[in-house]
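**Q** Numbering (the UniProt record's numbering), first residue to last: 1 to 394. Take this structure first; my questions come after.
Below is the structure:
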């Protein structure tokens, strides 16, 4: 589980009323420090990134390749014309054979029809035979190739230094080699499959932390659909440019998941019942959770954070205990379905905010089992769908 630390909180308050139960909600905006899979001491947070790829393309290269491609089309033009004539001749042969076949069929059907009596001709369901001939094939000569200057906006003008400059490690300073990362990229591979275009770009990430290999893995080998038409109907240069940028972005994300210290902006809405006496335990739970959320600091291995998390758990345990008291069939019960609804939403929201997605999913499943008895409002249904998407898209 990722460790998440709170940097600061900005609370906003609003209330809703349900019968005699007064439910207040607090919306807290805060920042979480997401610690990496492989932590690094603060004094050693420096890095260097080296990219090894086939990309070493300049503006002159793009123009040269464009001219070479045009020359290939010029060289192949006469052969393409002859091929078009040959294919046209073959289609003409097929056409003549089909016409002859249809004419013979028409002649036979006409002879049979002429033998019928007037009454039989009237009764014939298909009427008199009709000769329908297909259209004669047209010779399509390919146009003469005309050179056009390449659109440099779509051109893939990039080299390994440019690619390396697009990747950083959050929380680290560039320069130094305590974290030494080498990225080995292939060129984008395009593939046609069932009339669609697919692509992949195998990329190997090798990361050494203090000389020790922590990551050595190849990513992005699976082909993914990028267009609903084949490769001969798309601008391959533009597609490769976009796909390469996607690969760089995904590579940066993987590196930061494993080594970076990322600040994540988050918001959590927590609710409590304010009626005195009957819901003192729930108010106490709310105080435990919100007070200790505000005590968390965005620091690694910070002892007060451990104490705050333990105290926050006391409030969570009170919420969990209250859920066992809920009577979903009696609207007048002290712990009725409305109380159950807000408790489940609290537990789901809080666990998502803290990155505990498995725990959030557990309470989501429990809430869904009670939806026969809990009548959610339109807004609550929308929020539940959004929370579900956050859990399953994580």
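Where is the CB? At the ideal position from N, CA and C, for every residue including glycine.
Closest to residue 318 by C-alpha separation, out of 300, 301, 302, 347, would be which residue?
**A** Nearest C-alpha to residue 318: 347.
**Q** Assess contact between the region 221 to 231 and the region 188 to 204, defined as three or more Cβ pairs (one per stretch) separated by less than 8 Å. Is contact present?
**A** Touching, yes, given that three or more Cβ pairs across the two stretches are closer than 8 Å.
**Q** Taking the continuous alpha helix (DSSP H) assigned at residue 69, which residues delimit it?
**A** Residue 69 -> alpha helix (DSSP H) spans 59 to 114.
**Q** Given a cut-off of 8 Å, decide if residue 337 and residue 344 are closer than it, judged by their beta-carbon atoms.
**A** Not closer than 8 Å, so no.
**Q** Taking a contact to mean a Cβ-Cβ separation below 8 Å, would you say residue 288 touches residue 256 in this structure?
**A** No, they are not a contact pair.
**Q** Nearest to residue 240 by alpha carbon, out of 386, 143, 153?
**A** Measuring from the Cα of residue 240, the nearest candidate turns out to be 153.
**Q** Could you check whether the region 37 to 48 touches the region 257 to 267, counting it as contact only if at least three pairs of C-beta atoms, one from each stretch, sit closer than 8 Å?
**A** Output reads yes: the region 257 to 267 touches the region 37 to 48.
**Q** To the nearest whole angstrom, what separates the beta carbons of residue 59 and residue 270, a pair I think is in contact under 8 Å?
**A** Not confirmed; about 56 Å, so no contact.
**Q** Under 8 Å between the Cβ atoms of residue 205 and residue 183?
**A** Cβ distance < 8 Å, so residue 205 and residue 183 count as in contact.
**Q** How big is the Cα-Cα spacing for residue 19 and residue 34?
**A** Note that residue 19 scores a pLDDT of 46, beneath 50, so its modelled location is shaky and nothing firm can be said.
**Q** Run through DSSP, which three-state label would residue 2 get?
**A** With a pLDDT of 48 at residue 2, under the threshold of 50, the modelled position of this residue cannot be trusted; read the value that follows with caution. Residue 2 falls in the coil class under three-state DSSP.
**Q** Look up residue 22 in the DSSP assignment and say whether it is helix, strand or coil.
**A** The answer is strand: DSSP assigns residue 22 an E or B state.
**Q** So, is residue 76 buried or exposed, given that buried needs 16 or more other C-beta atoms within 10 angstroms?
**A** Residue 76 should be labelled exposed.
**Q** Given that a residue counts as buried once 16 or more other Cβ atoms are within 10 Å of its Cβ, and exposed if not, what is residue 372?
**A** Result: exposed.
**Q** How would you call residue 130, buried or exposed, if buried means at least 16 neighbouring beta carbons within 10 angstroms?
**A** Classification of residue 130: exposed, given that the 10 Å Cβ count is below 16.
**Q** Counting only runs that start and end within the region 127 to 211, where is the alpha helix (DSSP H) found for 4 or more residues in a row?
**A** Counting only runs of 4 or more, we get 160 to 165.
**Q** Is DSSP giving residue 275 helix, strand or coil here?
**A** Three-state DSSP puts residue 275 in coil, outside helix and strand.
**Q** With three or more C-beta pairs closer than 8 Å as the rule, is the region 71 to 86 touching the region 130 to 145?
**A** The region 130 to 145 is in contact with the region 71 to 86.
**Q** What residue range is occupied by the uninterrupted beta strand (DSSP E) comprising residue 357?
**A** Per DSSP, residue 357 belongs to no beta strand (DSSP E); it is in the alpha helix (DSSP H), 357 to 369.
**Q** Let me know if residue 291 comes out buried or exposed under the rule of 16 or more other beta-carbons within 10 Å of its beta-carbon.
**A** By the neighbour-count rule (16 or more Cβ atoms within 10 Å), residue 291 is not buried but exposed.
**Q** Which two residues bound the contiguous alpha helix (DSSP H) that contains residue 225?
**A** That residue, residue 225, is in no alpha helix (DSSP H); its beta strand (DSSP E) goes 224 to 227.
**Q** Start and end of the alpha helix (DSSP H) containing residue 391?
**A** Counting along the chain, the alpha helix (DSSP H) containing residue 391 begins and ends at 378 to 392.
**Q** Would residue 218 and residue 231 qualify as a contact pair, given that the criterion is a beta-carbon distance under 8 Å?
**A** No; because the gap between Cβ atoms is not below 8 Å, this pair is not in contact.
**Q** Does the region 168 to 175 come into contact with the region 82 to 92, if we say contact requires no fewer than three beta-carbon pairs (one atom in each stretch) closer than 8 Å?
**A** They do not touch, by the three-pair rule.
**Q** So the candidates are 141, 185, 314, 368; which of them puts its Cα closest to the Cα of residue 250?
**A** For residue 250, the nearest C-alpha among the options comes from 185.
**Q** What does a CB cutoff of less than 7 Å around residue 155 pick up in its chain, not counting 5 residues either side in sequence?
**A** The answer, listed in chain order, is 62, 237.
**Q** When the Cα of residue 96 is compared with those of 66, 136, 366, which residue comes out closest?
**A** Nearest C-alpha to residue 96: 136.
**Q** Rounded C-beta distance between residue 324 and residue 243? I'm assuming under 8 Å.
**A** Between residue 243 and residue 324 the Cβ distance is about 52 Å, and since that is not below 8 Å, they are no contact.
**Q** According to DSSP, is residue 234 helix, strand or coil?
**A** If DSSP states are grouped into helix, strand and coil, residue 234 belongs with coil.
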